[in-house]
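Asks: In terms of numbering that gives the first Met the number 0, the numbers along the sequence shown are unbroken and rise by one, the last being 982. This is the structure I have questions about; it appears just below.
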Amino acid sequence: MEPGDGGPRGDRAARPPRGVSDPPERGLWGAEQGEWVERGLPWPGEPDPLVPPEDFLPPPECPVFEPSWAEFSDPLGYIAKIRPIAEKSGICKIRPPADWQPPFAVEVDNFRFTPRIQRLNELEAQTRVKLNYLDQIAKFWEIQGSALKIPNVERRILDLYSLSKIVMEEGGYEAICKDRRWARVAQRLSYPSGKNIGSLLRSHYERIIYPYEMYQSGANLVCNTHPFDNEEKDKEYKPHSIPLRQSVQPSKFNSYGRRAKRLQQEESESCPDPASSPALLPERAPRAWPEPTEEDIEKNPELKKLQIYGAGPKMLGLGLVAKDKNMRKKDKEMPECPPTVIVKEEAPAPEMKLEPTSPRGYANVKEELRHSPEPCTKMTMRLRRNHNTQFIESYVCRICARGDEDDKLLLCDGCDDNYHIFCLLPPLPEIPKGVWRCPKCVMAECKRPPEAFGFEQATREYTLQSFGEMADSFKADYFNMPVHMVPTELVEKEFWRLVNSIEEDVTVEYGADIHSKEFGSGFPINDGKRQLSPEEEEYAASGWNLNVMPVLKQSVLCHINADISGMKVPWLYVGMVFSAFCWHIEDHWSYSINYLHWGEPKTWYGVPSFAAEHLEDVMKKLTPELFESQPDLLHQLVTLMNPNTLMAHGVPVVRTNQCAGEFVITFPRAYHSGFNQGYNFAEAVNFCTADWLPAGRQCIEHYRRLRRYCVFSHEELICKMAACPERLDLNLAAAVHKEMFILVQEERKLRKALLDKGITEAEREAFELLPDDERQCDKCKTTCFLSALACYDCPDSLVCLYHINDLCKCPSNRQYLRYRYTLDELPAMLHKLKVRAECFDTWANKVRIALEVEDGRKRTLEELRALESEARERKFPENELLHRLKNCLSEAEKCVSEALGLISSQETGEPSVHMTVEELCAFLEQMSNLPCVMHQIKEVQAVLEMVKAFQAEIQEALQDLPGSSPELHKLLARGDTAGGRGA
0 MEPGDGGPRG DRAARPPRGV SDPPERGLWG AEQGEWVERG LPWPGEPDPL VPPEDFLPPP
60 ECPVFEPSWA EFSDPLGYIA KIRPIAEKSG ICKIRPPADW QPPFAVEVDN FRFTPRIQRL
120 NELEAQTRVK LNYLDQIAKF WEIQGSALKI PNVERRILDL YSLSKIVMEE GGYEAICKDR
180 RWARVAQRLS YPSGKNIGSL LRSHYERIIY PYEMYQSGAN LVCNTHPFDN EEKDKEYKPH
240 SIPLRQSVQP SKFNSYGRRA KRLQQEESES CPDPASSPAL LPERAPRAWP EPTEEDIEKN
300 PELKKLQIYG AGPKMLGLGL VAKDKNMRKK DKEMPECPPT VIVKEEAPAP EMKLEPTSPR
360 GYANVKEELR HSPEPCTKMT MRLRRNHNTQ FIESYVCRIC ARGDEDDKLL LCDGCDDNYH
420 IFCLLPPLPE IPKGVWRCPK CVMAECKRPP EAFGFEQATR EYTLQSFGEM ADSFKADYFN
480 MPVHMVPTEL VEKEFWRLVN SIEEDVTVEY GADIHSKEFG SGFPINDGKR QLSPEEEEYA
540 ASGWNLNVMP VLKQSVLCHI NADISGMKVP WLYVGMVFSA FCWHIEDHWS YSINYLHWGE
600 PKTWYGVPSF AAEHLEDVMK KLTPELFESQ PDLLHQLVTL MNPNTLMAHG VPVVRTNQCA
660 GEFVITFPRA YHSGFNQGYN FAEAVNFCTA DWLPAGRQCI EHYRRLRRYC VFSHEELICK
720 MAACPERLDL NLAAAVHKEM FILVQEERKL RKALLDKGIT EAEREAFELL PDDERQCDKC
780 KTTCFLSALA CYDCPDSLVC LYHINDLCKC PSNRQYLRYR YTLDELPAML HKLKVRAECF
840 DTWANKVRIA LEVEDGRKRT LEELRALESE ARERKFPENE LLHRLKNCLS EAEKCVSEAL
900 GLISSQETGE PSVHMTVEEL CAFLEQMSNL PCVMHQIKEV QAVLEMVKAF QAEIQEALQD
960 LPGSSPELHK LLARGDTAGG RGA
């Protein structure tokens with residue numbers, strides 16, 4: 000793009016300096032770095048895994064390759080050449096030859112897109128867990144009538160989540176207090192020793208975390224409802240509400256829900272000693288609370304949606320009451336309480352009677368409530384206030400087991416349990432007029448697992464120019480300097496600092512996964528829509544054009560008919576500073592290639608395939624909370640983890656900065672992630688080569704265990720290639736033959752299991768004609784192709800042959816096999832593949848025997864020419880034997896030409912070939928040494944003998960001089976006619 004043409008920025012980022020790249024550092028990933036984790040708790044003096052590193056240390060660099068023009072002319076061949084080195088790092092960078100610069104083909108004026116919103120600290124797994132925890136604890140204190148304020152300790156914000164986890168790992172609050180180990184807790188949180196920080200941490204834990212932990216355990220703890228009144232210097236925490244925000248579209252209104260008005264200070268009690276038994280509070284005098292107005296309900300989407308409003312507490316047992324309108328807390332939304340929960344209605348035993356003032360009796364009730372955590376489903380309110388007495392008498396209070404004072408019995412809207420308003424903790428002064436739920440239902444709501452995390456879409460649509468203006472302005476303002484002057488190292492450190500921060504919320508936007516079919520590729524495409532220039536024609540046909548690479552002949556994906564978005568069809572990415580792509584591996588564990596068309600660099604991190612499971616294990620170990628609610632989290636491309644954290648646990652990580660005009664390759668099952676240094680435009684696509692096939696098969700087995708949907712059927716791909724072996728590249732044919740052999744063996748075994756089960760009915764099915772969602776296994780979600788099990792009585796059910804026991808409960812005689820090929824057809828396909836795959840070996844063996852004359856028989860020139868023609872027709876790759884064969888044929892044909900010239904000169908008397916006797920002897924020896932039959936060798940031998948006889952006559956004539964002078968003249972004339980020299 001040139002300045003002033005309406006393009007994204009006008010200046011294309013300069014290409015990186017060219018030179019010999021430094022090799023990646025080695026020896027930094029020793030197992031010793033991960034060994035300490037296996038011991039459980041860290042050793043004294045070592046960093047705690049719960050506490051992220053203070054300063055980011057860049058991982059070692061990945062390999063960088065600079066192909067020559069000759070190497071660059073064969074893209075997949077070059078990638079195969081560098082694979083043994085590059086795949087050990089997981090990713091690599093390729094710098095094309097300096098003058099390979101494809102023109103940018105996107106129509107910038109028509110390119111419009113809506114980016115994703117990324118909140119940086121929600122991307123990082125450990126930070127997201129901490130934010131979720133803080134949201135929970137903030138919600139707890141909000142319903143107590145207080146706003147959570149996070150204290151600062153040693154000039155940094157206290158990590159409440161890590162404090163809670165470390166206390167739990169060290170044996171719990173009581174054990175730490177008993178053993179006086181708060182200094183150990185401070186040490187694990189990386190605080191300096193000798194400043195009595197342990198006591199300060201204990202105070203904060205008792206004041207903020209301990210009441211919440213007790214609530215989580217099911218205890219109705221009487222606690223200080225004003226723990227933050229004297230903490231004016233602490234910053235108030237604003238909940239992120241991550242699960243809520245992902246599942247609910249952002250409201251256009253900026254109004255906020257009511258927060259509970261806390262009880263008066265004199266009416267609440269301070270938090271008791273944890274060892275003491277909780278007791279019911281004394282009954283309090285009635286008090287009136289204002290109800291929300293219609294305006295409140297209309298303006299607050301959460302209240303309107305949930306209809307949880309009206310006087311009285313929203314979460315009983317924790318001191319929540321409705322707050323007056325003038326007490327509304329700004330800049331904070333009321334968390335949504337979604338309708339989850341099913342509670343079994345239990346009829347209390349008639350003889351069960353508990354006095355509300357009995358601590359022991361209350362403890363039993365508390366235990367009963369704690370062991371009934373099932374949630375409720377109703378969201379409408381039913382009060383027992385105006386019903387007839389006879390009906391009410393059939394209900395008794397859940398706490399005191401009495402049914403008297405029915406005018407003060409309150410019915411939970413969720414589970415239909417009954418409570419006297421004076422038996423509750425704290426007691427209610429009157430029957431509330433709005434929605435009300437009991438402590439059991441409230442507990443179930445707060446313990447409900449979060450929604451799956453995902454990115455939100457922005458509401459604004461951008462052009463490349465408007466996005467670039469926004470992106471450059473953001474970066475320049477953030478770093479307070481021109482965008483191109485900000486060092487990449489500074490951006491990298493700042494990115495990981497923000498990602499790990501729980502107090503700084505930075506939001507960016509990323510135009511990711513933009514479909515090139517709809518918006519146009521950055522590379523020129525010869526699609527007939529417009530006339531291409533000669534330069535564009537060249538780049539449109541290049542194998543490095545990401546529209547071409549997936550469908551090259553050596554590529555496996557060219558045998559898939561469908562345009563698989565992101566795999567066969569490139570995706571486009573418009574980035575700004577800090578916009579990130581999270582840890583992931585490609586679908587079907589394929590290769591990927593990314594080209595940065597222009598703009599500021601893209602920073603990458605990569606992990607090799609052999610460490611993929613190690614990375615997954617580390618992330619699951621450090622953030623189990625995320626994986627419990629979202630087991631396939633790493634497949635969603637929404638989670639980062641600091642490379643330093645991974646490296647500290649023994650995961651090998653490399654990095655690179657991809658500059659404009661450079662490619663980055665990721666190898667099969669190599670995890671990768673990264674972020675953008677600034678405004679840029681990239682394009683990426685997948686490709687698969689012959690060496691990928693075993694990884695692709697293992698990926699399907701992995702997907703089957705995870706019950707994850709496939710993008711395409713691996714079996715269908717293999718069989719489609721096997722059906723037309725003559726179209727396959729030789730190396731690909733050999734790889735497909737190996738995979739097809741494994742496939743056939745496995746299919747035999749699976750179909751035998753069907754027979755053993757008594758299933759004998761079968762129908763042929765052209766699975767490739769069915770939509771994928773109609774041929775997926777009900778159990779493992781694999782896309783079926785070779786076979787599937789179905790039932791005549793359950794037409795909507797289908798399973799693969801790995802799950803024949805999970806189809807239905809119908810008898811075996813109602814179940815039948817749906818198959819694509821018979822067991823006789825599969826071996827025939829395998830044989831054709833074998834012929835194609837082994838034809839090179841057969842040909843090579845023939846050539847070797849012919850050139851080495853191993854069987855003692857020289858081949859004719861015609862036979863050697865036939866071997867060369869076979870190699871050309873079957874498109875065998877260039878190899879040493881083929882070169883030797885061609886050289887042999889060239890030499891033989893040259894000898895034949897010279898021999899025929901020599902023989903012709905003897906017959907016509909007109910010399911056309913001049914040789915000395917020595918040269919003639921060498922020529923005859925050369926013909927004799929050729930591995931093919933030379934029919935002219937006898938004639939050449941005769942010429943040599945004639946020349947030797949002529950030499951003898953000359954010698955005799957010379958000895959008889961001068962008498963033999965006339966005879967000598969005759970001999971010279973004969974020699975000139977014969978063309979011989981050197982007599």
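Every residue gets a Cβ at the ideal spot worked out from N, C-alpha and C, and that includes glycine.
(1) Would residue 523 pass as a contact of residue 544 if the rule is Cβ separation under 9 Å?
(2) Would residue 576 and residue 461 be called neighbours here (beta carbons separated by less than 9 Å)?
(3) Under the three-state reduction of DSSP, which class applies to residue 525: helix, strand or coil?
(4) Return the CA-CA distance between residue 736 and residue 824, expressed in angstroms with no decimal places.
(5) Excluding five sequence neighbours on each side, which residues of the same chain lie with their C-beta closer than 6 Å to the C-beta of residue 111?
(6) May I ask which residues mark the beginning and end of the beta strand (DSSP E) holding residue 512?
(7) Thinking C-alpha only, which one of 76, 168, 176 and 479 is nearest residue 553?
(8) Return the CA-CA distance between residue 643 and residue 57, expressed in angstroms with no decimal places.
(9) Count the CB pairs spanning the segment 746-757 and the segment 673-680 that are closer than 8 Å, and state whether there are at least three.
(10) Is residue 594 near residue 669, with beta carbons less than 9 Å apart?
(11) My output table needs one value for residue 540: the three-state DSSP class, helix, strand or coil.
(12) Is it true that the CB of residue 818 sits closer than 9 Å to the CB of residue 734?
(13) Could you tell me the boundaries of the alpha helix (DSSP H) in which residue 175 lies?
(14) Using 8 Å as the cut-off, classify the Cβ of residue 838 as near or not near the heavy atoms of the ligand PLP, replying yes or no.
(15) Alpha carbon to alpha carbon, how far is residue 480 from residue 464?
(16) In this structure, does DSSP put residue 768 in helix, strand or coil?
(17) Report the three-state DSSP secondary structure of residue 299 (helix, strand or coil).
(18) Should the segment 527-546 be regarded as contacting the segment 604-616, the criterion being three or more beta carbon pairs within less than 8 Å?
(19) Answer with buried or exposed for residue 62, where buried requires no fewer than 16 other C-beta atoms within 10 angstroms of its C-beta.
(20) I'd like to know whether the C-beta atoms of residue 686 and residue 592 end up nearer to each other than 9 Å.
(21) Could you check the C-alpha separation between residue 611 and residue 646 for me, to the nearest Å?
(22) Thinking C-beta only, is residue 94 closer than 9 Å to residue 599?
(23) The alpha helix (DSSP H) that contains residue 738, what's its start and end?
(24) From what residue to what residue does the beta strand (DSSP E) around residue 665 run?
(25) Starting from residue 181 and walking both ways along the alpha helix (DSSP H), at which residues does that stretch end?
(26) Residue 788 to residue 720, Cα distance in whole Å?
(27) Name the residue from 688, 820, 768 and 896 whose alpha carbon lies nearest to the alpha carbon of residue 80.
(28) Could you check what DSSP says for residue 887 in three-state terms: helix, strand or coil?
(29) Using the Cβ count rule (16 or more neighbours within 10 Å means buried), how would you classify residue 597?
(30) Check whether the segment 701-720 touches the segment 97-112, counting contact only when three or more Cβ pairs, one atom from each stretch, lie closer than 8 Å.
(31) If you count every other CB in all the chains shown that lies within 10 Å of the CB of residue 174, and 16 or more means buried, which is it?
(32) Figure out for me which residue from 69, 135, 119 and 401 has the closest Cα to the Cα of residue 640.
(33) Can you have a look at residue 145 and say buried or exposed, based on whether 16 or more other CB atoms are within 10 angstroms of its CB?
(34) By alpha-carbon positions, which one of 90, 559 and 728 ends up nearest to residue 872?
(35) Just curious, the alpha helix (DSSP H) that residue 203 is in, first and last residue?
(36) Can you tell me whether DSSP reads residue 816 as helix, strand or coil?
Replies: Short version:
(1) yes
(2) no
(3) coil
(4) 15 Å
(5) Here the set comprises 460 and 462.
(6) It spans 506-514 - the beta strand (DSSP E) in which residue 512 sits, taken as one unbroken run.
(7) 76
(8) Rounded to the nearest angstrom, the two C-alpha atoms are 8 Å apart.
(9) no
(10) no
(11) coil
(12) no
(13) Boundaries of the alpha helix (DSSP H) harbouring residue 175: 172-178, taken from the DSSP string.
(14) Ligands are entirely absent from the displayed structure, and the ligand PLP is therefore not among its contents.
(15) 21 Å
(16) Assigned with DSSP and collapsed to three states, residue 768 falls in helix.
(17) Note that residue 299 scores a pLDDT of 48, beneath 50, so its modelled location is shaky and nothing firm can be said.
(18) no
(19) buried
(20) yes
(21) 13 Å
(22) no
(23) 729-755
(24) 662-665
(25) Per DSSP, residue 181 belongs to the alpha helix (DSSP H) from 181-187.
(26) Cα to Cα, the separation comes out at about 25 Å.
(27) 688
(28) helix
(29) Buried, because 16 or more other Cβ atoms sit within 10 Å of the Cβ of residue 597.
(30) no
(31) exposed
(32) 119
(33) buried
(34) 728
(35) 196-203
(36) strand
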